[in-house]
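Same order as they appear, the protein sequences are chains A and B. Just so you know, we're using the numbering used here here: the first sequence kicks off at 1 and counts up by one. Just so you know, we're using the numbering used here here: the second sequence kicks off at 1001 and counts up by one. Virtual Cβ for every residue (Gly too), placed ideally from N, Cα, C. Here is the structure we will look at, set down as structure tokens.
2 protein chains.
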Amino acid sequence: MPRVSVEQLAARRARILDGARACFARHGYEGATVRRLEQAVGLSRGAIFHHFRDKEALFLAVAEQDTERMADIVAEQGLVQVMRELLAAPEELQAGWAGTFLEIARRGRTDPGFREHWRRSADALTAATRQRLRRQAAAGTVRADVDEAVLARFLELVLEGLVSHLAMDLPVGELGSVLDLVEGSVRVPQGTREGDGVLSARPGRTA
Amino acid sequence: MPRVSVEQLAARRARILDGARACFARHGYEGATVRRLEQAVGLSRGAIFHHFRDKEALFLAVAEQDTERMADIVAEQGLVQVMRELLAAPEELQAGWAGTFLEIARRGRTDPGFREHWRRSADALTAATRQRLRRQAAAGTVRADVDEAVLARFLELVLEGLVSHLAMDLPVGELGSVLDLVEGSVRVPQGTREGDGVLSARPGRTA
């Protein structure tokens, strides 16, 4: 194997992860054979498994990268924004995310290692979500009458539903409006009178 | 095979479906071998496949029965109630529902027949949900400022998330409170003042 620089190694790793993600999304974990992974990545099995111990390690690295990206967006813009971007993404990207998630859900049912990994990822996402909710509650934009833990779990449950929905390739018709409703449900309620559209500033609560 | 009455046939069919549901939930579609199905049902393969053409037909019959039960509860008590009962159900029942759903989601990604079936089931559930929302809007208990189609899709998305969550055996901690929040999000908003807990009666809208 020729010697490569640190940058080349990182670029190669990224390329493997991108190709593997597409391959897992399309064929599922079991269906993503080494031959198909080679084709999707455009590198030999020797080059691929120089970077990742085995197929399971490669899959978990893909999932971990997805979760890190999501946690970054959550910290900056919130979990609803993650969902909006997922909804606006091209179909192949949707299929990639949804496919990874569905594969984890399925394998997690019978494989404790997978489940443990998913719990850790889910915990990282929950932490980012709760941190953001807490900041927004302090700023008076998120409702304070419902526990932060409940709001976070609610948003996560909608995300799980959205990903499952996209994985099935079901119609996305009203989903943009559904996300508006979801966002409205965690924000400080607007006055019920017509035309009262200004968010009221309230002292935040630190749950 | 001995001759049996109509009642006995129906009872045998029900027994097969119950055993098969548990078997599919535990082993997944591929893992539910004919031998395992025999053990779970307590009947020979001959007896089982006298009633159902093949494993796929058996699985789809299980899924169809689940959806019918859900649509019945939805029509009477609403989709949130379906979710509450699912949450309160013993673990094995949760695993059964969630397992079936997850299996459909996974196979539906690659198998158009499965996807088509699931869409039909999902449509029946949507119809029941919308009918109930319309009745409640007319009675003034469901909010009229959001389209009925959006409210229905919102509830379905939460259901999909809940089932996915249960399938993964993730902690159910706050989910009861999350369902309170979900229910509150589709109902006519209560006054924002403290102690104003009475639902206001508003003229309903037929979307």
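**Asked** When you check each C-beta in the region 1039 to 1069 of chain B against every C-beta of chain A, which residues fall closer than 7 Å?
**Response** none
Rounded to a whole number of angstroms, what is the C-alpha to C-alpha distance between residue 127 of chain A and residue 1091 of chain B?
Rounded to whole angstroms, the gap between the alpha carbons of residue 127 of chain A and residue 1091 of chain B is 27 Å.
Any beta-carbon of chain A closer than 7 Å to the one on residue 1036 of chain B? no
- Query: Mind listing which residues of the region 101 to 113 of chain A have their C-beta closer than 9 Å to chain B's C-betas, in chain order?
  - Reply: 101, 102, 103, 104, 105, 106, 108, 109 and 110
TODO: On the DSSP bridge assignment, give the partners of residue 150 of chain A in chain order.
DONE: The partner list for residue 150 of chain A (beta bridge, DSSP) is empty, contrary to what the question assumes.
query = residue 142 of chain A versus chain B: which residues are under 7 Å apart at the beta carbon?
reply = Neighbours of residue 142 of chain A on chain B: none; closest Cβ ~13 Å, over 7 Å.
Q) Is DSSP giving residue 1006 of chain B helix, strand or coil here? A) helix
At least one CB of chain B closer than 7 Å to the CB of residue 5 of chain A: is that the case? no
Below 9 Å on C-beta distance, what does residue 1177 of chain B contact in chain A? Result: 146, 147, 149, 150, 153 and 154.
ask   = Name the chain A residues whose beta carbon is nearer than 9 Å to that of residue 1118 of chain B?
value = 168 and 170
Margin query: Please report whether the beta-carbon of residue 1181 of chain B lies at a distance below 7 Å from any beta-carbon of chain A.
Written below: yes
Q: Give the DSSP-derived three-state secondary structure of residue 53 of chain A in the structure shown.
A: coil
Task: Candidates B:1105, B:1150, B:1170 and B:1186, of which the one nearest residue 1140 of chain B by Cα - done: B:1186
- Task: Would you identify the three-state DSSP class for residue 41 of chain A, choosing helix, strand or coil?
- Result: When DSSP states are grouped into helix, strand and coil, residue 41 of chain A belongs to the helix group.
(request) Could you tell me whether the Cβ of residue 1121 of chain B comes closer than 7 Å to any Cβ of chain A? (result) no
Beta carbon of residue 1174 of chain B, beta carbon of residue 153 of chain A: below 7 Å? Between residue 1174 of chain B and residue 153 of chain A, the CB-CB gap stays under 7 Å.
### Query
Taking just the CA atoms, how far does residue 73 of chain A sit from residue 1107 of chain B?
31 Å
Taking residue 85 of chain A as part of the alpha helix (DSSP H), name the residues at either end of that continuous run. 79 to 88
* Using 8 Å as the threshold, is the region 77 to 86 of chain A in touch with the region 30 to 45 of chain A, meaning 3 or more CB pairs across them? -> no
Minimum C-alpha distance to residue 101 of chain A - residue among A:150, A:68, A:160 and A:50: Distance check between residue 101 of chain A and each of A:150, A:68, A:160 and A:50 places A:160 closest, using alpha-carbon atoms only.
Is the shortest distance between the beta-carbon of residue 161 of chain A and the beta-carbons of chain B less than 7 Å?
yes
Next on the checklist: Does residue 187 of chain A come out as helix, strand or coil in the three-state DSSP assignment?
Outcome noted: strand
Should residue 71 of chain A and residue 124 of chain A be called a contact, given that it needs their Cβ atoms to be closer than 7 Å? When the beta-carbon positions are compared, residue 71 of chain A and residue 124 of chain A come within less than 7 Å of each other.
Let me confirm a value: residue 69 of chain A is counted as buried when at least 16 other C-beta atoms fall within 10 Å, else exposed. Which label applies? exposed
- Task: Go to residue 1113 of chain B, then tell me how far its alpha helix (DSSP H) extends in each direction, as first and last residue.
- Result: 1112 to 1138
Report task. Check each candidate in B:1083, B:1165, B:1066 and B:1060 and name the one with the smallest Cα separation from residue 1113 of chain B. Result -> Ranking the options by Cα distance to residue 1113 of chain B, first place goes to B:1060.
Next item on the list: Measure how close the beta-carbons of residue 1166 of chain B and residue 1098 of chain B come, nearest whole angstrom, since I'm counting them as under 8 Å.
Entry: Sure, about 4 Å apart at Cβ, within 8 Å.
Note to self: Could you check whether residue 116 of chain A and residue 29 of chain A sit closer than 7 Å to each other, using their CB atoms as the reference points?
What the structure shows: Not a contact, by the Cβ cut-off of 7 Å.
For residue 1021 of chain B, count the other beta carbons within 10 Å of its own beta carbon; 16 or more makes it buried, fewer makes it exposed. Which is it? buried
### With 16 other Cβ atoms within 10 Å as the buried cut-off, status of residue 1017 of chain B
Residue environment analysis places residue 1017 of chain B among the buried positions, since at least 16 neighbouring C-beta atoms fall within 10 angstroms of its C-beta.
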